[in-house]
Amino acid sequence: MTQSPTKITAILTAHLGKAAELRALLVGMAPLCRAEPGNLRWDVWRDRTHGERYVLDELYLDAAAAEAHRQTAHYQAYLAKIPELAERTAWVLEAVEIG
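According to full-length UniProt numbering, numbering within the sequence shown proceeds without interruption in unit steps and concludes at 99.
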């Protein structure tokens, strides 16, 4: 059985007056997440039209690496802080094999 990459995409829309604090939290997470074993990509994107909306684009070697990410202290701290800063929707995705 081969490893299948796991992608996580999260959309975060800052609460009124919280966009700068949300941005600082996300930017601060980047080096920690990128240093995790099994992390292939961890990027923060900002919506040009709605500046209070951010997208996290994450890619992990496999489901185990994504789960390990969710167990880290920095992820747990992020998860505890997010409700006061933003609305959050996240998807955990698997690759679709193309012929």
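Positions of the beta carbon are idealized from the N, C-alpha and C atoms, including for glycine.
This structure is a prediction, so every number in the text was calculated from the model and none was measured.
With DSSP as the reference, label Arg46 as helix, strand or coil. Position 46 of the sequence shown, counting from 1, holds the residue named residue 46. In the three-state DSSP reduction, Arg46 falls in the strand class (E or B).
Just checking, does the region 86-97 make contact with the region 5-19 on the three C-beta pairs under 8 Å criterion? yes
Using a Cβ-Cβ cut-off of 7 Å (strictly less than) and excluding sequence neighbours within five positions of residue 161, which residues of its own chain qualify? An answer regarding residue 161 cannot be provided, because it is not within the stretch 1 to 99 covered by the chain.
If we ignore side chains and look at the alpha-carbon of each, how far apart do Trp45 and Thr89 end up? Counting from 1 along the sequence shown, the entry for residue 45 is found at position 45. Counting from 1 along the sequence shown, the entry for residue 89 is found at position 89. Going by the C-alpha atoms only, they are around 15 Å apart.
Would you kindly work out how many angstroms separate the C-alpha atoms of Pro31 and Gly99, rounded to a whole number? Residue mapping note: residue 31 aligns to position 31 of the sequence shown, counting from 1. Residue mapping note: residue 99 aligns to position 99 of the sequence shown, counting from 1. Going by the C-alpha atoms only, they are around 35 Å apart.
Just how far apart, CA to CA, sit Ile82 and Lys18? Counting from 1 along the sequence shown, the entry for residue 82 is found at position 82. Counting from 1 along the sequence shown, the entry for residue 18 is found at position 18. When rounded, the distance between both Cα atoms is 10 Å.
Where does Leu79 land, buried or exposed, given buried means 16+ other C-beta within 10 angstroms? Taking the sequence shown and counting its residues from 1, one reaches residue 79 at position 79. Its Cβ having fewer than 16 others within 10 Å, Leu79 is exposed.
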